[in-house]
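Residue numbers (the numbering used here): 1180 to 1668. By construction, the Cβ of each residue, glycine as well, lies at the ideal position given by its N, Cα and C atoms. Input: a single structure, listed below in structure tokens.
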């Protein structure tokens, strides 16, 4: 029988090999397993293992001995040595089938609920024949539980242990490739000043024109391959419906080698995340001109259109110049001074999406005293100025120069970069430089549900919406339009 984690021998007939390993599986099941995993025999075996007709029976642990040993050690580290999230880090660092993860999580629940954690872990170790971390050496010193090191995303290795960071270095393995640019380029540029409202802005339409000039004059993009939505043009008003249509146009028919650009300048806000995926429990949003009637657009909704189904080999660069925009496309990796950090509940996709924003999720896009009177957004203006001066800086140079320019102009915000791919950071920033897919799995990795953490809203946008100032139990009371909790530029 097959044991999870054991390598599958490489032969020339994967169907026959899997049929020999899983005699209970029908030929149709074997073919389905290979089709689901794109011919990866090890992954196909893991999938077959999780099917009721082929699932292992008996009293032995449902994992190979080294997985059983490391899982028991992670339990000891978390519940005895009080190392926070040790079990979660172990589970995220190993490529395990959903069936195995379910078994291990059930065992952890039993340990968590036990009155005597030490005795419960000892019993599990004895049942599985795994070494007990609290054995003879435990009395004389700490457990030998290895610290889970942050590792690059690579094929067959699972995801980065959450809460850890990965230094910008070349990724290992993976099916990805970097195609030659096709020459096909498309851009959507959106600027909303919210004319005639208490929350009217001055600089957002200027931002769009500034960004268009950068793309055309500095990078040679064609203006006729752009859709521009601004609220000073009745024929291209940035309503929710028009923004949705433009986003679909942006990604329609894209092929490997294509290069895309998305820019939004306007009001941003936050809304409670009903799934609890976001680390602050809140979805980031943008506000179309008709958001009072049609509602805001969340990062999940935008990502569903332009990120999740983007093919491998397609590059999308996004610039979000609005409040709460740090993870405005819900991308899985954020660059920090220590390296790449993966979100707790990341959604991995195949395309190359990089987003620059003017602030973190909890920040405003510029100081309140200047936001409503500025002739241009701080992030957009700084980005255009820096790239006109040097169209191909390295990523470290670009982030540094953006922060220097914004700081020199009196803004306290700092540039943020999030990405769908974890790539070597010390490389030139080029709009046509397409990163290959290095994510070993596609889709949502769920590790923990987060409660909403709304914050107080104030300023012209709050006044325009008539939202009360009272806060109770962490939730804002008052008339909330479309679930709006925060706002600003």
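- In the three-state reduction of the DSSP assignment, residue 1434 falls in the coil class, being assigned neither a helical nor a strand state.
- With a cutoff of 7 Å on beta-carbon distance, residue 1461 and residue 1193 are scored as not near each other.
- Within the DSSP secondary-structure output, residue 1368 pairs in a beta bridge with 1407 and 1442.
- Burial state of residue 1306 is exposed, judged by a 10 Å Cβ sphere holding fewer than 16 other Cβ atoms.
- Residue 1530 and residue 1438 have their alpha carbons spaced roughly 11 Å apart.
- Burial state of residue 1603 is exposed, judged by a 10 Å Cβ sphere holding fewer than 16 other Cβ atoms.
- C-alpha of residue 1499 to C-alpha of residue 1464: approximately 11 Å in a straight line.
- Of the other Cβ atoms in all chains shown, 16 or more fall within 10 Å of the Cβ of residue 1425; this residue is therefore buried.
- Of all alpha-carbon atoms in 1440, 1395 and 1474, the one lying nearest the alpha-carbon of residue 1419 is that of 1474.
- Taking the CA atoms as reference points, residue 1525 sits about 16 Å from residue 1481.
- With at least 16 other beta carbons inside 10 angstroms of its own, residue 1478 counts as buried.
- Contact between residue 1485 and residue 1430 holds, with the beta-carbon distance rounding to 5 Å and staying under 8 Å.
- With a beta-carbon spacing of about 30 Å, residue 1448 and residue 1400 fall beyond the 8 Å limit used to define contacts.
- Contact between residue 1496 and residue 1373 does not hold, since their C-beta atoms are separated by about 26 Å, which reaches or exceeds 8 Å.
- Here residue 1412 is not near residue 1563, since their CB atoms are 7 Å or more apart.
- Distance check between residue 1514 and each of 1628, 1423, 1204 and 1579 places 1579 closest, using alpha-carbon atoms only.
- In this structure, DSSP gives residue 1527 an extended state, which the three-state scheme calls strand.
- Across the set 1256, 1246 and 1287, the C-alpha of 1246 shows the shortest separation from the C-alpha of residue 1274.
- In the three-state scheme derived from DSSP, where H, G and I count as helix and E and B as strand, residue 1578 is classed as helix.
- With fewer than 16 other CB atoms across the displayed protein chains lying within 10 angstroms of its CB, residue 1625 is exposed.
- Residue 1532 sits in a strand when the DSSP states are folded into three classes.
- By the criterion of a C-beta distance shorter than 6 Å, residue 1627 is surrounded in its chain by 1523, once the five residues flanking it on both sides are discounted.
- For residue 1514, the enclosing beta strand (DSSP E) has its first and last residue at 1512-1515.
- Going by DSSP, residue 1598 is part of the beta strand (DSSP E) stretching over 1595-1598.
- Remark: C-beta atoms of residue 1568 and residue 1607 do not approach each other more closely than 7 Å.
- Where residue 1520 is concerned, the enclosing beta strand (DSSP E) starts and stops at 1518-1521.
- In the DSSP annotation of this structure, the continuous segment of the alpha helix (DSSP H) that includes residue 1267 starts and ends at 1265-1272.
- Comparing alpha carbon positions, the residue from 1435, 1436, 1434 and 1407 closest to residue 1423 is 1407.
- For residue 1484, the enclosing alpha helix (DSSP H) starts and ends at 1478-1485.
- Looking from the CA of residue 1371, the closest CA among 1443, 1359 and 1279 belongs to 1443.
- Apart from sequence neighbours up to five positions away, the residues of its chain that approach residue 1623 with a beta-carbon distance below 6 Å are 1526, ordered along the chain.
- Judged by DSSP secondary structure, residue 1245 falls within the alpha helix (DSSP H) whose first and last residues are 1244-1258.
- Judged by DSSP in its simplified three-state form, residue 1499 adopts strand.
- Nearest to residue 1220 by C-alpha distance, out of 1592, 1204 and 1196, is 1196.
- Following the DSSP letters along the chain, one finds residue 1300 inside the alpha helix (DSSP H) bounded by residues 1296-1307.
- When DSSP states are grouped into helix, strand and coil, residue 1448 belongs to the strand group.
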